[in-house]
Every structure is written in structure tokens, then in C-alpha cells.
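Each protein sequence line maps, in turn, to chains A and B.
Count the first sequence with the working numbering and you get residues 1 to 343, in order.
Count the second sequence with the working numbering and you get residues 344 to 656, in order.
In this text, a Cβ means the ideal position worked out from N, Cα and C, and glycines have one as well.
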Amino acid sequence: MLASASSLLPALSLGKYMAQAQQEKLPQVLVIRPPAGFKTFEERFSKKFQFVKAWESSLSIDLFLSNHALHVTALLCSAGTRVTSDLLRKVPSIRLIVTTSAGLNHIDLTECRCRGISVADAGDVFSEDVADTAVGLFIDVLRKIISSDRYVRRGLWTVNGEYSLGSKLQGKRVGIVGYGSIGSEVAKRLEAFSCIILYNSRKKKPYVPYPFFPTVSELATNSDALIICCALNDQTHHMVNDEVMSALGREGVIVNVARGGIIDEKEMVRFLREGELKGAGLDVFENEPSVPKELFQLDNVVLSPHAAAFSEESFLGLCELMAANLEAFFSGKPLLTPVMDFI
Amino acid sequence: MEAIGLLMACPMSSYLEEELDKRFNLFRFWNFPQKQEFLKENRNIIRAVVGNAGAGADAELIDSLPKLEIVANYSVGLDKVDLVKCKEKGIKVTNTPDVLTDDVADLAIGLIIATLRRICACDRYVRSGAWKKGDFKLTTKFTGKSVGIIGLGRIGSAIAKRAEAFNCPISYYSRTEKRDTKYKYYPTVVDLASNCQILVVACPLTEETRHIINRQVIDSLGPKGVLINIGRGPHVDEPELVSALVDGRLGGAGLDVFENEPEVPKELFSLDNVVLLPHVGSGTVETRKAMADLVIGNLEAHFMNKPLLTPVV
């Protein structure tokens, strides 16, 4: 028997064949496009899950899903995969979506609710890193750190002397747009720099000690800087528009570590080019990885490639969290970071 | 006071120059190529010197100005003033403490985040178009990292307070242990460097602290360690630092000061794990004006026989 089995599978050693069979007993997780760092995640958890990888197949996505994903109950995705009602219709067996992001604007949550599909996100895993970057970008713009570094590296310190002066942080009124887990970490940090914290949120939060403003416009009128920390959804799309930016004023600074779509990007570029804003620190854009070229000519803008969340430490934390959510789901236990849980 | 001769050691602030011009007989030292002749001619007129981090009053200058009564510094650091000589001759010295503490501390934290999270490299990555081809790499988290501060004075304490808001455990080295602080003390810089991930230089530059960051300290900080210098360039053995960064023996550096400003070692220009600033610690419009006003205030107080605002004891 063994001899004929070997002759039927000439390309596989017996060991590999056994490993593959083992793999096939593991709970399956559908992955349409690999989230960043997926290779590490896969290696780490290869004994726990079998990944059904759509991008590795030469089949069209529709064919792949109908051939290979009809019984898969879990989907792992990043913010880069749009989980639309259309997609969900093609994988009716899916009962859980695990996203590697804190943001949820790429998932049709209404459709998930209708279908009773549970959703787990990255919870607070990134909040500290994103808050650190937001504060970093704020300091960078006011104190011209990035442009000064550029000045030195171009050899201009020896040729032209001192670079231009920046602006103090102490006493600056910082308006936090969205007082969630990231917004609250930003507030805590900036208080230590003697900034005055103000905020806007969908609703006033009774336990938050800072002044609340019911609209972003009113917040902007009373702030020297806006730090965008809220989710992107239908209500917040282009919420930071020309009215808000005018209210913020020529000495105003914008920091965005949330989603590009919250700001009317075209308007913001115009405000910056015309000197109607003091500067901006931007980690996110409307059409990543495209960034408006006009910003490249500006010294008072700091540009970052959607990297605010991505430290090695957070990545490790994220891997553990994703695996823990999947394991909980497969063993019928509550999700660790549920957005909605129907299990 | 218009007859009182005042020598400004180097260009430092056009606002300060204008204001001093209105009040004194101001001599701009850098406009006189023949310095010895200039000093000989004006030795009996000059009664005050204004210096900064770049140039002040060394023994030679003090000896050439027999009528010198006061050295007013547009800086808090006094490494360019021969304090011993001043004390000998009864020359008063003032500086600009407190007004710049917040700005320098803010910049130190800005340097830490920019270095650990590679913000300069990120900005270059986007501007070069590289983002279109792939994501940036993972960087190093700041929150929760251990911060070691050399010198727990006004600036060192302000840095500690800010780092605490990022949940960083704080430790320090000082000439003597401070009684009224909750931070952990290490009796040597090597001990401190061995026990922290981010080492910040925040002490004055003196004979004792010159090259306080040497090969041994750099090795103790190690390939995951980051050095932040907002003190003075000579605090660091610069060739050793450059070699450690190029070799990867040190994880990164955020530097606002250098041994021979404005010269910066060119080997650092191609590194992603360093941030290089042109001595901007106190470099805000607001603070530089406050510093200038303090210099003017100290000089006026002296020449009107009133108590100095910020004398160096």
C-alpha cells in the first residue's frame, strides 16, 4: 500500500504529505489580499489555522470563492480590502470578519448586521502608537523638525546660517476631533506640554475634563490646532472642510492620523498653498498611496505613509490579538475585540 | 546709557541687536576682521559683552577688556564664558534660564519620536514616490520605553515630566543623587546607559562633562539604544558616535548640537535612524524674544544699579 501511495505522489515526501493533511484539519480562514506582515502571521500560526489565500490563485476572485471558499466561516482582512455587500454575497458561509485595523470604513457593517456576521477589529492595540505619532507630527510642524533636518542634510546650515524659528507648544489650544481611545491618549500626552485641550465628539462625554464643542467648526474657532482622531463614516466624510479650516485660521495646524476622507483634501491643499494654514502633519490621504504633488513643494507640511500605527511592538500585539479572536470564534467563545458579536 | 560700549560676540538675534543699538554703543565683533586692533582701540569703552552658545567671553577676551563689568548671555549654557576669570575680576554674569526650558524639553521629545518612529525618513519616503511601490517598514514604539536623563535640572526635569505622559519609566544620572525625586538614580553614566533605551543629555557643559558620552557609554546603550543630545556638541565624542551609528552598534540618534557647529559629520546624512537639527532647542519666535528681553533687562538693571534679573551665582 505504502509503495503505491508513494508512486502516486512522486513530488511529495511522506512527511510533507502528512503535514498537508494535518493542515487540512485546521479551521479555515479566508484571506483575499494579504494584510501587511501576513507572512509573519502565517508562519507563526500555521499550526492553528489553514489560510485559504485568494491572491495566490490564478482563478478570478469569483471563481476562487465559489471553488474554494464555500465552507469557510472566517475572513481575515486589512483596511485595504473592501468588504462590500457584493463580496459577502459571494461567501455566504462567512460568520466572522477579523480586520487588522482599528478603522472600519472598509466594511459594510450594515450588511454584516443583517447577515449576523460578527466583526472583530484591532481594538486598542494601535492607540498608543497612533497617539505618539500624532504628538510627534504636531511637534514636528510647530518646531519645524522635519524641514530643519532637511535643511541640515542639504548642507544649508553652513551656507545660510540659522533656519527660521518655530512656534511654542506651551499654551496652544489643541482641538481633538473624536475623543476615543486614540483621542484620549493624545490629550493625556499634550497636557504634559502645557497645551490646552478641547474636543469634539458625537456626544459630550461626562467624565472628560476638557471643554466640549458640539461642532468641528466651533472647535476650530477656539483652537490653534486640530488633531483628527475620529472614525471615517458617512457623517464624518469631508467634515473638515473649508468652513472649518477658515475657522481654524492662518495660524492653525492640522494633524491627521485618522482617515484621509475626513478632510476635504483638495481644499486643504489650497489652504496650505495659499498660506491660509500654518502647517499640517498628515499620515493619511484620500487616495493612498497617492499624495497631492502640490504638498511636496511645501516646507510646512510633514508627510507620512500611513505608518502611525506600525511599530514592531504593535505588530506583534496585533498578531496575537488576531489569532486570539480567531481562536475564540472557532471555540465558540466571545471575541476579544468585538465590533459586533453574534456568536 | 548710549555712551556705554557693548560688544556683541556674534550674530544671534536681529531683534536683540536693534534693541541694544537703541540703548548702547553697540559693537558687532564679527564686523571687525582685525580683532586685536579693534580691542586695543576700544578697550576702555567696552563695559559689557553679550554672548551665546556660539561665542562668549573667554579668558583672552576678558583680559583685553579692563573695563568689562558684565557678561550677559543669550543662552542658559555658560560653557563659552570663563566663569572663574569673571569671578576673579568681579565681572557679573547673567544667562536666560526658565524662559527656554519648555521649548528645549518639547524639542527633546520631538527628537525622540522623530528618531524612533523614523518620521524624517517617512517624509522622504512619501516625497520620493516610494510609497507607491510599497509600505514603509515597521518602526520602534516610544510609549513605555525607559528614558535615562543625564542632568536632572530644569530642562532634565521638564523632559522627565513629558516622557512620563508616554508611560516611560524615568531614570537619571546626576553629580549627586536628588532627594526629592521619584526617579531611579544611577551613580554612573555607564550604569544609566546600560539600564535605559533612550539616553538624553541635559546637563551643562563643563570640564567634567566634556565627552561624557564616550565609546563605553555608547556600547552600553547598544544597538537598540537611542541617544538624544539637546545639551552641547562636546558632550559627545562625535567621531565615536558617528562610527557607532554607521556600524549599527547604536540604534539611533536625535541631535540638536554638534562639536563644530554648523559642521555636521556628512556620514550621518545617509542614515535613516538619525535626526539632525541646526541647534534649535530654544528656537521659537516667542522664546527667543523672551531671551532677548532678559538680556536687555539684565543689562539695564546692571547699569542702573538695580538687582540683576537672572544672575549666575
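Check residue i in the structure and name its three-state DSSP category.
| i | result |
| --- | --- |
| I462 of chain B | helix |
| C112 of chain A | helix |
| L70 of chain A | coil |
| V98 of chain A | strand |
| S217 of chain A | helix |
| Q235 of chain A | coil |
| M344 of chain B | coil |
| V339 of chain A | strand |
| Y516 of chain B | strand |
| F51 of chain A | strand |
| T84 of chain A | coil |
| I452 of chain B | helix |
| F212 of chain A | strand |
| A5 of chain A | In this prediction, A5 of chain A scores a pLDDT of 48, lower than 50, which makes its location untrustworthy; the coordinate-derived value is nonetheless stated afterwards. Looking at A5 of chain A - three-state DSSP - the assignment turns out to be helix. |
| L651 of chain B | coil |
| Y468 of chain B | helix |
| R150 of chain A | helix |
| R44 of chain A | helix |
| G332 of chain A | coil |
| K203 of chain A | coil |
Classify residue i as buried or exposed, calling it buried when 16 or more other Cβ atoms lie within 10 Å of its own Cβ.
| i | result |
| --- | --- |
| D283 of chain A | buried |
| E56 of chain A | exposed |
| D108 of chain A | buried |
| M268 of chain A | buried |
| V623 of chain B | buried |
| R89 of chain A | exposed |
| F343 of chain A | With the sequence shown as reference, residue 343 of chain A is identified as Ile, and Phe is not the correct amino acid for it. Burial call: exposed. |
| Q682 of chain B | Because chain B here runs from 344 to 656, residue 682 of chain B falls outside it and cannot be looked at. |
| V427 of chain B | exposed |
| A373 of chain B | In the sequence as presented, Ala is not what sits at residue 373 of chain B; that position holds Trp. It is exposed - the Cβ of W373 of chain B has fewer than 16 other Cβ atoms within 10 Å. |
| L63 of chain A | exposed |
| D86 of chain A | exposed |
| C114 of chain A | exposed |
| T458 of chain B | buried |
| N287 of chain A | exposed |
| V255 of chain A | buried |
| L363 of chain B | buried |
Taking CB distances under 8 Å as the criterion, tell me whether residue i reaches chain E.
| i | result |
| --- | --- |
| R273 of chain A | Absent from the structure: chain E. Protein chains present are A and B. |
Between residue i and residue j, which are expected to be in contact by the criterion C-beta below 8 Å, what is the C-beta distance as a whole number of angstroms?
| i | j | result |
| --- | --- | --- |
| F375 of chain B | I389 of chain B | Not confirmed; about 12 Å, so no contact. |
| D441 of chain B | T627 of chain B | D441 of chain B to T627 of chain B, Cβ: 15 Å. No contact. |
| V618 of chain B | L454 of chain B | 6 Å |
| H106 of chain A | V83 of chain A | 6 Å |
| L198 of chain A | L219 of chain A | 6 Å |
| T444 of chain B | R518 of chain B | The Cβ separation is near 20 Å, so there is no contact. |
| C319 of chain A | R150 of chain A | About 35 Å separates the two Cβ atoms, so there is no contact after all. |
| T486 of chain B | E312 of chain A | About 13 Å separates the two Cβ atoms, so there is no contact after all. |
| M245 of chain A | L277 of chain A | 6 Å |
| P305 of chain A | W474 of chain B | 4 Å |
| A308 of chain A | V257 of chain A | 5 Å |
| I281 of chain A | V302 of chain A | According to the sequence displayed, residue 281 of chain A carries Gly and not Ile. Contact flag correct, Cβ pair sits at about 4 Å. |
| G568 of chain B | L593 of chain B | 6 Å |
Do residue i and residue j have their C-beta atoms closer together than 8 Å?
| i | j | result |
| --- | --- | --- |
| I263 of chain A | I228 of chain A | yes |
| L570 of chain B | A596 of chain B | yes |
| S101 of chain A | A122 of chain A | yes |
| A36 of chain A | D478 of chain B | yes |
| T437 of chain B | N648 of chain B | no |
| R143 of chain A | D449 of chain B | yes |
| I97 of chain A | C77 of chain A | yes |
| G394 of chain B | R575 of chain B | no |
| H237 of chain A | G260 of chain A | no |
| K430 of chain B | H645 of chain B | no |
| M322 of chain A | V119 of chain A | no |
| G252 of chain A | A225 of chain A | yes |
| F614 of chain B | L637 of chain B | It should be noted that the sequence gives Leu, not Phe, for residue 614 of chain B. No, these two residues do not count as a Cβ contact at 8 Å. |
| V414 of chain B | G399 of chain B | yes |
| C511 of chain B | S537 of chain B | no |
| L359 of chain B | A633 of chain B | no |
By DSSP's criteria, residue i is part of a beta bridge. Which residues make up the other side?
| i | result |
| --- | --- |
| R371 of chain B | B:M351 |
| C77 of chain A | A:T99 |
| V174 of chain A | A:I197 and A:A225 |
| G180 of chain A | Its beta-bridge partners do not exist; DSSP assigns none. |
| Q28 of chain A | A:Q50 |
| G166 of chain A | B:T627 |
| K435 of chain B | B:I413 |
| A587 of chain B | Paired residue(s): none; A587 of chain B is not in a bridge. |
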